[in-house]
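To keep things clear, I will list the structure first and then write my remarks on it.
Chains as they are written, first to last, in the numbering used here: chain Y, 18 to 202; chain D, 5 to 248.
Okay, here's the thing in structure tokens:
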């Protein structure tokens, strides 16, 4: 990340604690920190994650700001692309994700992006296989695996195959990156 | 308008897709988004127009008039809506559409009632189809306009148009086969039109949207809409053969 002034670890941890307890208070705290640290991509990313459910236009702006400040912030870039994908902007999602294809081919985000690109182009069998590869490779961000498992189930339903979803439906990391119930409504 | 694939449709979340349209129209000036929003809510405007017509005492207004007022209200609501405020657009638009219909109906006096929306629409078509070669012989110029208008009549009767004010103009059994074939030919010719010309034809003939309103929706001048209309009619004439 290239930000000049960034929030220290203790403050960030405290902010996350507030977000976990009270999303409105968490958002207020993040907005307050952003006046002092406007170039901290992590704060913009956190802000976007809080706004995805209730203020989608601002959420997109915040994800975009995070990625503009820190182009190598891979998970923020992935989330921005996924947000665009779920907004019906498939071509734009692919463009946003493009730098992630520079990651090693076995990297879970590379696999997820490849799998989701197959999905956008209705190649459901390829999507399922590649997303499964990504799940197997992902130990860094486990909540993503639940969402990918849900998408695999959707693809299999399109392919007319039996759907077997584990205990993933209650958690939607991508649709609500901070976990269910923490978004502002 | 672009059609999205099954895979993308699978993961698209409707409120996000809606917010995306507003974002791209308002903050990224992306072409086509305003039209997509209008198309998305056009049926709401039409439904409100039909309901308002049934609730009002008969004073000469027709459904076509009500629809024009409803479209005006919808376009006004689109301009005034603040997508950052978190208010659902249908709730915001409904009040403006009803208000626009009320104002429009009040304006529509006895005299105006003689000159209904569909007549004004017809006037626009004639003006749009004025011959591009003013030096041509008067009879040829008249034939040009008449041929263009004939295409318009066919478009209005292809079933593309839901015009509740008119009678059933479908042909009798003798004519029906040739008529259906002609309609099919016309339908496929419309699909092959350039995107903007297709939008003009569909909005105007299928939904009765006036040129001025189409101009707002597409973000172009009214004169340009008229040109696109004339060009499209010319192409359709070419596609179905010479009818002069």
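Using N, Cα and C, we set each Cβ at its ideal position, and we do this for glycine too.
Mapping DSSP to helix, strand and coil, what is residue i?
i: residue 25 (chain Y); result: coil
i: residue 121 (chain Y); result: coil
i: residue 90 (chain D); result: coil
i: residue 105 (chain Y); result: coil
i: residue 198 (chain D); result: coil
i: residue 12 (chain Y); result: There is no way to answer for residue 12 (chain Y), as the model of chain Y reaches only from 18 to 202.
i: residue 160 (chain Y); result: helix
i: residue 214 (chain D); result: coil
i: residue 155 (chain Y); result: coil
i: residue 221 (chain D); result: helix
i: residue 16 (chain D); result: coil
i: residue 32 (chain D); result: coil
i: residue 112 (chain D); result: coil
i: residue 168 (chain Y); result: helix
i: residue 116 (chain Y); result: helix
i: residue 54 (chain Y); result: coil
i: residue 37 (chain Y); result: helix
i: residue 148 (chain Y); result: helix
i: residue 89 (chain Y); result: coil
i: residue 153 (chain D); result: helix
i: residue 98 (chain Y); result: helix
i: residue 133 (chain D); result: coil
i: residue 43 (chain Y); result: helix
i: residue 132 (chain Y); result: helix
i: residue 177 (chain Y); result: coil
i: residue 9 (chain D); result: coil
Buried or exposed, going by whether 16 or more other CB atoms sit within 10 Å of the CB of residue i?
i: residue 53 (chain Y); result: exposed
i: residue 125 (chain Y); result: buried
i: residue 101 (chain Y); result: buried
i: residue 41 (chain D); result: buried
i: residue 45 (chain D); result: buried
i: residue 199 (chain D); result: exposed
i: residue 73 (chain Y); result: buried
i: residue 22 (chain D); result: buried
i: residue 130 (chain D); result: exposed
i: residue 70 (chain D); result: buried
i: residue 181 (chain D); result: exposed
i: residue 209 (chain D); result: buried
i: residue 107 (chain D); result: exposed
i: residue 19 (chain D); result: exposed
i: residue 94 (chain D); result: exposed
i: residue 84 (chain D); result: exposed
i: residue 203 (chain D); result: buried
On the DSSP letters alone, give me the boundaries of the alpha helix (DSSP H) that residue i sits inside.
i: residue 77 (chain Y); result: 73–86
i: residue 70 (chain D); result: 67–84
i: residue 62 (chain Y); result: 58–68
i: residue 39 (chain D); result: 37–59
i: residue 233 (chain D); result: 226–244
Residues, ordered as in the chain, of the stretch 121–142 of chain Y that lie near chain D by beta-carbon distance below 9 Å
Against chain D - using a Cβ distance shorter than 9 Å - the residues of the stretch 121–142 of chain Y are 133, 135, 136, 137, 138, 139, 140 and 141.
Listed in chain order, which residues of the stretch 23–46 of chain D have Cβ atoms closer than 7 Å to some Cβ of chain Y?
Residues of the stretch 23–46 of chain D that bring their beta carbon within less than 7 Å of a beta carbon in chain Y comprise 23, 24, 26 and 27, in sequence order.
Mind listing which residues of the stretch 89–113 of chain Y have their C-beta closer than 7 Å to chain D's C-betas, in chain order?
Listed by position, the residues of the stretch 89–113 of chain Y near chain D (Cβ gap below 7 Å) are 102, 103, 104, 105, 106 and 107.
Closer than 9 Å between beta carbons: that is the criterion. Which residues of the stretch 71–84 of chain Y meet it against chain D?
Only 71, 72, 73, 74, 75, 76, 77 and 78 from the stretch 71–84 of chain Y bring a Cβ to less than 9 Å from some Cβ of chain D.
Please list, in chain order, the residues of the stretch 151–168 of chain Y that have any C-beta partner in chain D closer than 9 Å.
Correct list: 168.
What are the residues in the stretch 76–92 of chain D lying within 9 Å of chain Y by C-beta distance?
From the stretch 76–92 of chain D, only 87, 88 and 90 have a Cβ closer than 9 Å to chain Y.
Near-chain Y residues of the stretch 221–243 of chain D (beta-carbon distance less than 9 Å), N- to C-terminal order
For the stretch 221–243 of chain D, the set of positions with a beta-carbon nearer than 9 Å to some beta-carbon of chain Y is empty.
For the stretch 92–108 of chain D, enumerate the residues whose C-beta is nearer than 8 Å to any C-beta of chain Y, in chain order.
From the stretch 92–108 of chain D, no residue has a Cβ closer than 8 Å to chain Y.
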